[in-house]
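Below: one structure, written as structure tokens.
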Amino acid sequence: MVRAEDATASEDPNPAEPGDDEMTRESLSIEVVWKGTERYPLRVPKYATVISIKALLEELTEVDAGSQKLLGLIKGRLPSDTDTLAGLGIQDGARVRLVGTRAADRVQSRAGSSWQDGDQDDALAILDPGDADGAGGDYVEGEDRVVSTDWPAKLAQTISTAEVRIMHAPRAGRKLAVLDLDYTLFDCKNMSGNIVEMARPGLHEFLAAIYPYYDLIVWSQTRWHVVECKITLLGMVTHPRYKLTTALDISSMFTVRSVRGNRGVEHQVKALDFIWARFPGIYDRRNTIHIDDLGRNFALNPQNGLKIRAYKRSETSARTDTELYKLTRYLLAISPLPTLEYLNHAQWRSYR
Ligand SMILES: [Mg+2]
């Protein structure tokens, strides 16, 4: 699905109006029924491919996308994974049956996935429990101190094995923004709304504004085809005003043990050393900033981390969330600095 080169040929001929992509805005509602009783209403772009629907359903049902069968999309045969809903002639309101079994061994491995993680950490991160829409309030700045000692070996192993799919080559002299996806750039929880509408307010404007100064890498704690599906449906792969260098998935992460307060926790971490090792001489601790709603993701690189409030879409937050506008101002303000390594990003809201 992510074929950046192919996508370039079909991109919006009028780059001055990136928000007016009809392909992105036109969406269909479909209802997926699983095991006869479980219903998943989805609202997805008309051009969504069958595999992208399967990737969303994998997040919701934990049925592996590769083993899913979707019945009712087309008469008499199973659709190809690369077919689009529009191409199959799917009508708004169509009902589709999902056949597939959750792999028993996946239940355990998903216990630490982003889906549950986000919720748990948000409970810690949000000081005022009434502030669930993220519209106000302040953070408890959680300090995660890594105590496990085997992480250098895990890092080395990850550097040597994880796949990095280059979408657009790094550009000389740019700084690097590493961007978490779930709850940082969009609300991943509710798939019954059009995924485009789940984007955090100002998403594309933010990315387009910082792109002249920063290369962009998305890093999400989920599997590759889910990351790929989300960034494609959000319109981040073919946007005329910015390009992603790459998107990293959970295979580029590993587990460490940290202490926060008196509590020990095992958690996944996004070690920037992974990126620095895979892009030697290009990205380093001086030119990289990592934006995430989970502070523990930058436990190994706390100085490079900037914690953003988790975005949970609601009627209110969709109108009032201004994090990306403030972040644009901060990133543009610090972009001329020769190095970012002496900044305390915890102060980002008050930086002038
Ligand atoms: Mg997140």
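Just so it is clear: in the sequence shown, position 256 is 256 by full-length UniProt numbering, and no numbers are missing. From the three backbone atoms N, C-alpha and C, an ideal C-beta is built for every residue, glycine too.
*Mind checking which residues open and close the alpha helix (DSSP H) that includes Y325?*
Taking the sequence shown and counting its residues from 1, one reaches residue 325 at position 325. First-last of the alpha helix (DSSP H) with Y325: E323 to I334.
_Exposed unless 16 or more other CB atoms sit within 10 angstroms - verdict on P338_ = One-based indexing of the sequence shown puts residue 338 at position 338. The residue is exposed, with fewer than 16 neighbouring Cβ atoms inside 10 Å.
*asked:* For T184, which residues in the same chain have their Cβ closer than 8 Å to its Cβ, ignoring the five residues on either side in sequence?
replied: Position 184 of the sequence shown holds residue 184. So the qualifying residues of the chain are R200, I291, D292, D293, I308, A310 and Y311.
*If you count every other CB in all the chains shown that lies within 10 Å of the CB of M23, and 16 or more means buried, which is it?*
On the sequence shown, residue 23 is found 23 positions in, with the first residue counted as 1. Any reading at M23 must be qualified, since the residue scores a pLDDT of 45, below 50, and its modelled position is unreliable; the value itself is stated next. M23 should be labelled exposed.
*For V96, which three-state DSSP category applies?*
For the purposes of this step, residue 96 is identified with residue 96 of the sequence shown, where counting begins at 1. Three-state DSSP puts V96 in a strand.
*From the DSSP output, in three-state form, read off E62 for me.*
Position 62 of the sequence shown, counting from 1, holds the residue named residue 62. Three-state DSSP puts E62 in coil, outside helix and strand.
*asked:* I'd like the list of long-range same chain contacts for V99, defined as Cβ closer than 7 Å, with 5 residues on each side in sequence excluded.
replied: Numbered from its first residue, the sequence shown carries residue 99 at position 99. Here the set comprises K69 and L71.
*Any heavy atom of ligand 1 closer than 7 Å to the Cβ of K184?*
One-based indexing of the sequence shown puts residue 184 at position 184. Note that residue 184 is Thr in the sequence shown, not Lys. Checking every heavy atom of ligand 1 against the Cβ of T184, one is found closer than 7 Å.
*Verify the contact flag: D273, CB atom, against every heavy atom of ligand 1, threshold strictly below 7 Å.*
Sequence index remark: in the sequence shown, residue 273 carries index 273 (1-based). False, no ligand heavy atom lies under 7 Å from that Cβ.
*Beta-bridge pairing of L28 - partner residues as DSSP gives them*: By one-based count along the sequence shown, residue 28 stands at place 28. DSSP, once it has assigned bridges, lists V44 as partnering L28.
*Three-state class that DSSP yields for L340 in the structure shown*: Position 340 of the sequence shown holds residue 340. L340: coil per DSSP, three-state reduction.
_DSSP bridge partner residues for residue 362 (one or two, in chain order)_ = There is no way to answer for residue 362, as the model of the chain reaches only from 1 to 352.
*asked:* With distance defined between alpha-carbon atoms, name the residue in Y330, E59 and F274 nearest to P152.
replied: Start at 1 with the first residue of the sequence shown, and residue 152 comes out as number 152. Measuring from the Cα of P152, the nearest candidate turns out to be F274.
_Closest residue to V41 among Q157, A86, D92 and Q268 (Cα-Cα distance)_ = For this step, residue 41 is matched to residue 41 along the sequence shown. Reading off the sequence shown, one finds Pro at residue 41, where the question assumed Val. Looking at the Cα atoms, D92 is the closest of the given residues.
*asked:* Just to confirm, is the Cβ distance from D144 to R319 under 8 Å?
replied: The residue labelled residue 144 in the question sits at position 144 within the sequence shown. The residue labelled residue 319 in the question sits at position 319 within the sequence shown. Cβ atoms of D144 and R319: not closer than 8 Å.
*Quick one: using the 10 Å Cβ neighbour count with 16 as the cut-off for buried, is A209 buried or exposed?*
Taking the first residue of the sequence shown as position 1, residue 209 is located at position 209. When all chains shown are included, A209 counts as buried.
*Where do the N-terminal and C-terminal ends of the alpha helix (DSSP H) with G87 fall, by residue?*
Start at 1 with the first residue of the sequence shown, and residue 87 comes out as number 87. Note, G87: alpha helix (DSSP H), L85 to L88.
_If you measure between the beta carbons of Y213 and R174, is that distance less than 8 Å?_
Translated into positions along the sequence shown, residue 213 becomes position 213. Translated into positions along the sequence shown, residue 174 becomes position 174. The answer is yes: Cβ separation under 8 Å.
*DSSP beta-bridge partners for A318?*
What you label residue 318 is simply residue 318 of the sequence shown in a count that begins at 1. In DSSP, A318 forms no bridge with anything.
*Does the beta-carbon of V147 have 16 or more other beta-carbons within 10 angstroms, so that it is buried, or is it exposed?*
For the purposes of this step, residue 147 is taken as the residue at position 147 of the sequence shown. Per the 10 Å Cβ criterion, exposed.
_Exposure of I250, with buried meaning 16 or more beta-carbon neighbours within 10 Å_ = Numbered from its first residue, the sequence shown carries residue 250 at position 250. Buried: at least 16 other Cβ atoms inside 10 Å.
*Would you call the CB atoms of L176 and N287 closer than 8 Å?*
Counting from 1 along the sequence shown, the entry for residue 176 is found at position 176. Counting from 1 along the sequence shown, the entry for residue 287 is found at position 287. Going by C-beta atoms, L176 is nearer than 8 Å to N287.
*What's the gap between the Cα of G295 and the Cα of R278?*
Locating residue 295 in the sequence shown gives position 295, counting from the first residue. Locating residue 278 in the sequence shown gives position 278, counting from the first residue. One C-alpha to the other measures close to 23 Å.
*Secondary structure at K54, three-state DSSP: helix, strand or coil?*
Taking the first residue of the sequence shown as 1, we reach residue 54 at position 54. Three-state result, K54: helix.
*Is D215 near ligand 1, judged by its Cβ being under 7 Å from some heavy atom?*
The residue given as residue 215 occupies position 215 in the sequence shown. False, no ligand heavy atom lies under 7 Å from that Cβ.
_Where the alpha helix (DSSP H) containing A277 begins and where it ends_ = The residue you call residue 277 lines up with position 277 of the sequence shown. Taken as a continuous stretch (DSSP letters only), the alpha helix (DSSP H) holding A277 covers L272 to R278.
*Y211 to Y242 span [Cα, whole Å]*: Sequence index remark: in the sequence shown, residue 211 carries index 211 (1-based). Sequence index remark: in the sequence shown, residue 242 carries index 242 (1-based). Rounded to whole angstroms, Y211 to Y242 spans 6 Å at the Cα level.
*asked:* Check this for me: beta carbons of residue 390 and L28, under 8 Å apart or not?
replied: The requested residue 390 does not occur in the structure, where the chain is confined to residues 1 to 352.
*Applying the criterion that 16 or more other CB atoms from any shown protein chain within 10 Å of the CB defines a buried residue, is S109 buried or exposed?*
Taking the sequence shown and counting its residues from 1, one reaches residue 109 at position 109. Because the pLDDT at S109 is just 42, under 50, the model does not fix this residue reliably, and the point stays unresolved.
*Terminal residues of the continuous alpha helix (DSSP H) containing E197?*
The residue labelled residue 197 in the question sits at position 197 within the sequence shown. Note, E197: premise wrong, no alpha helix (DSSP H); not H, not E.
*Which full runs of the beta strand (DSSP E) of 3+ residues lie inside the segment 223-254, going along the chain?*
246-248
*asked:* From the DSSP secondary-structure annotation, give me the bridge partner or partners of A266.
replied: Within the sequence shown, numbered from 1, the residue matching residue 266 stands at position 266. In the sequence as presented, Ala is not what sits at residue 266; that position holds Glu. DSSP, once it has assigned bridges, lists R257 as partnering E266.
*Answer yes or no: do T245 and I334 have a C-beta to C-beta separation smaller than 8 Å?*
Taking the sequence shown and counting its residues from 1, the one referred to as residue 245 is at position 245. Taking the sequence shown and counting its residues from 1, the one referred to as residue 334 is at position 334. No, these two residues do not count as a Cβ contact at 8 Å.
*Report, in whole angstroms, the separation of the C-beta atoms of E341 and R285, which I expect to be a contact under 8 Å.*
By 1-based counting over the sequence shown, the position of residue 341 is 341. By 1-based counting over the sequence shown, the position of residue 285 is 285. Yes, they are in contact, since the Cβ atoms of E341 and R285 sit about 6 Å apart, within 8 Å.
*Return the chain-ordered ranges of every beta strand (DSSP E) run that is complete within the segment 279-315 and spans a minimum of 3 residues.*
288-292 and 305-307
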